[in-house]
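Numbering (the numbering used here), first residue to last: 48 to 191.
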């Protein structure tokens, strides 16, 4: 296994610039490229988040994966037929949007706003990453 050298890490850091609390590559800031926006949200908020992204940015297209996990809240306790059960993991959903770099900050803002419940913890996370290449299966056309 090859460990990244300091030059690679430094170049990676220098190639990023903060946009509303999220790092986007410099190429994205110049109007080129695609950004993958991923978010972990509470399952009950999936439709709300997707609608908010569509309303705010006009972007249509998302991949939704059911997931389980926990953050600071560390799970919940259930009682069933007089017995107490502890569940370490909570049901979540992983949403993935691949969007044009100009739209990415709006998508991040819409997700963060729609996923917020007002509770102390457990609303989820949103992060971004640059996309190097996208190829359509049917047509074989590539872009990015």
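Glycine included, C-beta positions come from ideal geometry on N, C-alpha and C. The model shown is predicted, which means the values in this text are computed figures rather than measured ones.
- Taking 8 Å as the cut-off, the beta carbon of residue 92 is found closer than this to the beta carbon of residue 162.
- The stretch 98-111 makes no contact with the stretch 168-187, as fewer than three CB pairs between them are under 8 Å.
- A direct Cα-to-Cα measurement between residue 106 and residue 165 gives close to 26 Å.
- If you check the CB distance, residue 145 and residue 181 come in under 8 Å.
- Under the three-state reduction of DSSP output, residue 189 falls in the strand class.
- Taking the CA atoms as reference points, residue 82 sits about 39 Å from residue 125.
- Going by C-alpha positions, residue 151 is about 15 Å away from residue 179.
- Residue pairing of residue 173 in beta bridges, as defined by DSSP: 86.
- The DSSP-derived three-state label of residue 162 is helix.
- The residues 134, 137, in chain order, have a CB closer than 7 Å to that of residue 123 in the same chain once the five nearest residues on each side in sequence are set aside.
- When the beta-carbon positions are compared, residue 87 and residue 155 stay at least 8 Å from each other.
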